[in-house]
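In what follows, a structure is listed as C-alpha coordinates, so that the remarks can point back to it.
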Amino acid sequence: MKIKICGMKFPKNISDVGALQPDFMGFIFYPKSKRFVGENFPLKSLAKLPEKVQKVAVFVNESPETVVEVAKQYAFDFVQLHGTESVETCAVIKEKGIKIIKAFSVDNFFNFEDTTAFESVCDYFLFDTKTDTYGGSGRAFDWQILEQYTLSKPFFLSGGLSFESLGAIQKLNFPMLQGLDFNSKLEDTNYKKITEEVDELIYKIRTQ
74 MKIKICGMKF PKNISDVGAL QPDFMGFIFY PKSKRFVGEN FPLKSLAKLP
124 EKVQKVAVFV NESPETVVEV AKQYAFDFVQ LHGTESVETC AVIKEKGIKI
174 IKAFSVDNFF NFEDTTAFES VCDYFLFDTK TDTYGGSGRA FDWQILEQYT
224 LSKPFFLSGG LSFESLGAIQ KLNFPMLQGL DFNSKLEDTN YKKITEEVDE
274 LIYKIRTQ
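The working numbering numbers the first residue of the sequence shown as 74 and each following residue consecutively.
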(Lines of atoms letter the chains of each structure in order from A and count residues from 1; the text may use other names and numbers.)
(Lines give C-alpha, C1' and ligand atoms only; values in the text may rest on other atoms or scores of the structure.)
Protein backbone atom coordinates (compact mmCIF):
# COMPACT_ATOMS: atom_id res chain seq x y z
CA MET A 1 0.00 0.00 0.00
CA LYS A 2 1.46 3.35 -1.05
CA ILE A 3 1.54 6.14 1.55
CA LYS A 4 0.98 9.80 0.61
CA ILE A 5 1.49 12.58 3.13
CA CYS A 6 -0.17 15.72 1.79
CA GLY A 7 -0.33 19.38 2.78
CA MET A 8 3.39 19.89 3.39
CA LYS A 9 4.56 23.52 3.51
CA PHE A 10 7.23 24.19 6.16
CA PRO A 11 10.87 23.54 5.15
CA LYS A 12 12.04 21.71 8.30
CA ASN A 13 8.80 19.73 8.50
CA ILE A 14 9.23 18.77 4.85
CA SER A 15 12.78 17.59 5.56
CA ASP A 16 11.80 15.65 8.70
CA VAL A 17 8.85 13.88 7.08
CA GLY A 18 10.81 13.25 3.89
CA ALA A 19 13.48 11.45 5.91
CA LEU A 20 10.81 8.90 6.88
CA GLN A 21 10.42 8.10 3.16
CA PRO A 22 6.69 8.01 2.51
CA ASP A 23 5.98 7.00 -1.07
CA PHE A 24 4.47 10.37 -1.97
CA MET A 25 4.48 13.88 -0.49
CA GLY A 26 1.95 16.51 -1.55
CA PHE A 27 2.46 20.29 -1.79
CA ILE A 28 -0.59 22.49 -2.25
CA PHE A 29 -0.48 25.32 -4.79
CA TYR A 30 -4.01 26.54 -4.07
CA PRO A 31 -4.03 29.98 -2.41
CA LYS A 32 -7.32 29.42 -0.55
CA SER A 33 -5.96 26.37 1.26
CA LYS A 34 -4.67 26.67 4.81
CA ARG A 35 -1.78 24.51 3.61
CA PHE A 36 -0.89 26.68 0.63
CA VAL A 37 2.89 26.62 0.14
CA GLY A 38 2.95 30.38 -0.50
CA GLU A 39 3.73 32.61 -3.44
CA ASN A 40 7.49 32.00 -3.38
CA PHE A 41 7.90 28.40 -2.30
CA PRO A 42 11.68 27.83 -2.18
CA LEU A 43 13.10 25.19 -4.50
CA LYS A 44 15.57 24.19 -1.81
CA SER A 45 12.68 22.84 0.29
CA LEU A 46 12.46 19.91 -2.12
CA ALA A 47 16.11 19.58 -3.11
CA LYS A 48 17.16 17.20 -0.34
CA LEU A 49 14.17 14.89 -0.33
CA PRO A 50 15.09 11.23 -0.82
CA GLU A 51 14.93 10.21 -4.47
CA LYS A 52 12.37 7.48 -3.78
CA VAL A 53 9.83 10.02 -2.45
CA GLN A 54 7.48 11.03 -5.25
CA LYS A 55 6.73 14.78 -5.13
CA VAL A 56 3.17 15.87 -5.96
CA ALA A 57 2.01 19.43 -6.72
CA VAL A 58 -1.67 19.90 -5.88
CA PHE A 59 -3.82 22.37 -7.85
CA VAL A 60 -7.49 23.38 -7.86
CA ASN A 61 -8.93 24.58 -11.18
CA GLU A 62 -5.62 26.13 -12.21
CA SER A 63 -4.77 26.85 -15.85
CA PRO A 64 -2.88 24.06 -17.65
CA GLU A 65 -0.12 26.54 -18.46
CA THR A 66 0.49 27.30 -14.77
CA VAL A 67 0.30 23.64 -13.79
CA VAL A 68 2.91 22.72 -16.39
CA GLU A 69 5.14 25.66 -15.49
CA VAL A 70 5.17 24.83 -11.77
CA ALA A 71 5.62 21.11 -12.37
CA LYS A 72 8.64 21.73 -14.57
CA GLN A 73 10.14 24.46 -12.36
CA TYR A 74 10.13 22.25 -9.25
CA ALA A 75 10.67 18.92 -11.04
CA PHE A 76 7.52 17.43 -9.54
CA ASP A 77 6.90 13.76 -10.26
CA PHE A 78 3.11 14.18 -10.34
CA VAL A 79 0.47 16.86 -10.32
CA GLN A 80 -2.79 16.32 -8.47
CA LEU A 81 -5.82 18.06 -9.93
CA HIS A 82 -8.27 18.50 -7.07
CA GLY A 83 -10.98 20.66 -8.61
CA THR A 84 -13.46 20.25 -11.46
CA GLU A 85 -10.81 20.02 -14.17
CA SER A 86 -12.00 18.62 -17.50
CA VAL A 87 -10.72 15.66 -19.46
CA GLU A 88 -9.38 18.16 -22.01
CA THR A 89 -7.37 19.97 -19.32
CA CYS A 90 -5.88 16.68 -18.15
CA ALA A 91 -5.00 15.75 -21.72
CA VAL A 92 -3.15 19.03 -22.31
CA ILE A 93 -1.08 18.49 -19.16
CA LYS A 94 -0.50 14.82 -19.93
CA GLU A 95 0.81 15.71 -23.39
CA LYS A 96 3.62 17.64 -21.68
CA GLY A 97 4.87 14.40 -20.14
CA ILE A 98 3.46 15.11 -16.67
CA LYS A 99 1.88 12.35 -14.58
CA ILE A 100 -1.56 13.12 -13.18
CA ILE A 101 -3.52 12.17 -10.08
CA LYS A 102 -7.14 13.25 -10.64
CA ALA A 103 -9.17 13.78 -7.47
CA PHE A 104 -12.92 13.28 -7.29
CA SER A 105 -15.18 14.49 -4.48
CA VAL A 106 -17.35 11.61 -3.32
CA ASP A 107 -20.67 11.47 -1.49
CA ASN A 108 -23.46 8.90 -1.46
CA PHE A 109 -24.73 10.17 -4.81
CA PHE A 110 -21.42 10.09 -6.66
CA ASN A 111 -21.61 8.52 -10.13
CA PHE A 112 -18.45 6.54 -10.86
CA GLU A 113 -19.26 6.59 -14.57
CA ASP A 114 -18.04 10.19 -14.43
CA THR A 115 -14.50 8.89 -13.99
CA THR A 116 -14.46 6.75 -17.13
CA ALA A 117 -13.49 9.51 -19.55
CA PHE A 118 -10.48 10.38 -17.39
CA GLU A 119 -9.01 6.89 -17.39
CA SER A 120 -6.80 7.39 -20.44
CA VAL A 121 -5.37 10.76 -19.35
CA CYS A 122 -4.59 10.07 -15.66
CA ASP A 123 -2.15 7.81 -13.85
CA TYR A 124 -4.10 7.55 -10.60
CA PHE A 125 -7.48 8.61 -9.30
CA LEU A 126 -7.99 9.91 -5.77
CA PHE A 127 -11.35 9.68 -4.02
CA ASP A 128 -11.88 12.32 -1.34
CA THR A 129 -14.85 13.42 0.76
CA LYS A 130 -17.17 15.90 -0.93
CA THR A 131 -17.32 19.17 1.01
CA ASP A 132 -17.92 22.85 0.34
CA THR A 133 -14.17 23.33 0.01
CA TYR A 134 -11.40 21.29 -1.62
CA GLY A 135 -9.71 18.73 0.62
CA GLY A 136 -8.36 18.87 4.16
CA SER A 137 -11.82 18.45 5.72
CA GLY A 138 -10.81 15.72 8.16
CA ARG A 139 -14.00 13.87 7.23
CA ALA A 140 -14.43 10.44 5.67
CA PHE A 141 -17.07 9.36 3.18
CA ASP A 142 -18.85 5.99 3.17
CA TRP A 143 -16.20 3.74 1.65
CA GLN A 144 -18.74 1.09 0.69
CA ILE A 145 -19.74 3.23 -2.27
CA LEU A 146 -16.36 2.26 -3.77
CA GLU A 147 -17.91 -1.13 -4.51
CA GLN A 148 -19.44 0.64 -7.52
CA TYR A 149 -16.00 1.40 -8.96
CA THR A 150 -15.23 -1.04 -11.78
CA LEU A 151 -12.39 0.56 -13.72
CA SER A 152 -8.82 -0.74 -13.76
CA LYS A 153 -7.26 2.63 -12.88
CA PRO A 154 -5.53 2.44 -9.45
CA PHE A 155 -6.69 4.94 -6.86
CA PHE A 156 -5.82 6.62 -3.58
CA LEU A 157 -8.29 6.77 -0.71
CA SER A 158 -8.47 10.15 1.02
CA GLY A 159 -10.66 12.03 3.46
CA GLY A 160 -10.01 12.11 7.20
CA LEU A 161 -7.66 9.12 7.28
CA SER A 162 -5.86 8.51 10.57
CA PHE A 163 -4.44 5.75 12.77
CA GLU A 164 -8.01 4.84 13.67
CA SER A 165 -8.78 4.21 10.00
CA LEU A 166 -6.18 1.48 9.50
CA GLY A 167 -8.15 -1.40 10.98
CA ALA A 168 -11.16 -0.73 8.77
CA ILE A 169 -8.99 -0.12 5.70
CA GLN A 170 -7.32 -3.49 6.21
CA LYS A 171 -10.73 -5.16 5.82
CA LEU A 172 -11.51 -3.45 2.51
CA ASN A 173 -11.40 -5.55 -0.62
CA PHE A 174 -10.98 -3.09 -3.47
CA PRO A 175 -8.37 -4.42 -5.93
CA MET A 176 -7.56 -0.99 -7.37
CA LEU A 177 -7.00 0.64 -3.96
CA GLN A 178 -3.26 1.17 -4.06
CA GLY A 179 -2.61 4.21 -1.90
CA LEU A 180 -3.68 6.07 1.24
CA ASP A 181 -3.63 9.86 1.40
CA PHE A 182 -3.10 11.40 4.85
CA ASN A 183 -3.33 15.07 5.74
CA SER A 184 -5.12 16.89 8.54
CA LYS A 185 -5.30 14.04 11.07
CA LEU A 186 -1.50 13.99 11.37
CA GLU A 187 -1.11 17.70 12.13
CA ASP A 188 -0.67 19.97 15.11
CA THR A 189 -2.67 23.19 15.39
CA ASN A 190 -0.22 25.03 13.09
CA TYR A 191 -0.72 22.66 10.14
CA LYS A 192 2.63 21.00 10.69
CA LYS A 193 2.77 17.22 10.40
CA ILE A 194 3.69 15.53 13.68
CA THR A 195 6.81 13.63 12.68
CA GLU A 196 6.53 10.98 15.38
CA GLU A 197 2.98 10.16 14.32
CA VAL A 198 3.94 9.96 10.65
CA ASP A 199 6.81 7.66 11.57
CA GLU A 200 4.52 5.36 13.55
CA LEU A 201 1.90 5.39 10.82
CA ILE A 202 4.37 4.42 8.11
CA TYR A 203 5.77 1.64 10.29
CA LYS A 204 2.31 0.22 11.02
CA ILE A 205 1.24 0.22 7.37
CA ARG A 206 4.45 -1.33 6.12
CA THR A 207 4.62 -4.05 8.75
CA GLN A 208 1.00 -5.16 9.01
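Note that beta-carbon positions come from the ideal geometry of N, C-alpha and C, so glycine has one too.
Keep in mind it's a predicted model, so treat the numbers as computed, not measured.
beta-carbon residue i near the ligand FMN non-hydrogen atom, thresh 7 angstroms
i    : result
A120 : As for the ligand FMN, it is missing from this structure, which has no ligand bound.
For residue j and residue i, the rounded distance between their alpha carbons
i    : j    : result
S88  : K266 : 11 angstroms
F177 : Y197 : 11 angstroms
K46  : Y264 : A question about residue 46 goes unanswered here, because the residues of the chain that appear run from 74 up to 281.
N134 : A144 : 15 angstroms
D150 : E269 : 26 angstroms
L122 : V152 : 17 angstroms
R108 : F102 : 9 angstroms
A130 : D261 : 22 angstroms
S20  : I278 : Residue 20 falls outside the range modelled here, since the chain spans only 74 to 281, and no answer is possible.
P115 : F100 : 12 angstroms
L274 : V160 : 34 angstroms
Residue i vs residue j beta-carbon contact at 8 angstroms
i    : j    : result
Q251 : F214 : no
L230 : F255 : no
V271 : L119 : no
F234 : L253 : Correcting the residue type first, residue 234 is Leu in the shown sequence and not Phe. Yes, the pair counts as a contact, with Cβ atoms nearer than the cut-off.
C195 : K175 : yes
F132 : L154 : yes
K82  : F97  : no
F185 : Q221 : yes
First and last residue of the uninterrupted beta strand (DSSP E) at residue i
i    : result
V152 : 151–154
K77  : 75–78
L253 : 250–255
A164 : Here A164 belongs to no beta strand (DSSP E); instead the alpha helix (DSSP H) covers 160–167.
Top-ranked residue by Cα proximity to residue i, from the options
i    : options                : result
E112 : P104, V131, Q243       : P104
L245 : A120, Q217, A130       : Q217
G125 : Q221, S106, G240, P95  : The residue asked about is misnamed: residue 125 is Lys in this sequence, not Gly. Among Q221, S106, G240, P95, the Cα nearest to that of K125 is on P95.
K167 : D180, T157, H155, S193 : S193
R212 : D180, D261, V110       : D180
G232 : Q243, Y222, T204       : T204
M249 : S238, K226, I278       : K226
E158 : T280, I173, Q146       : I173
K85  : F236, K117, I171, Q243 : K117
F236 : C163, F247, S106, Q281 : Q281
S136 : A164, V110, Y276       : A164
L224 : T202, F247, Q146, V90  : F247
G80  : V110, M74, Q243        : V110
Y147 : I171, A241, T162       : I171
Range of the contiguous alpha helix (DSSP H) that encloses residue i
i    : result
T120 : One point to set straight first is that residue 120 is Ala, not Thr, in the sequence displayed. Its alpha helix (DSSP H) spans residues 117–120.
V131 : Careful: V131 lies outside any alpha helix (DSSP H), inside the beta strand (DSSP E) at 127–132.
E274 : In the sequence on display, residue 274 carries Leu and not Glu. Taken as a continuous stretch (DSSP letters only), the alpha helix (DSSP H) holding L274 covers 268–280.
I87  : 84–91
query: Can at least three beta-carbon pairs, one atom from the segment 177–195 and one from the segment 123–141, be found at a separation below 8 angstroms?
result: no
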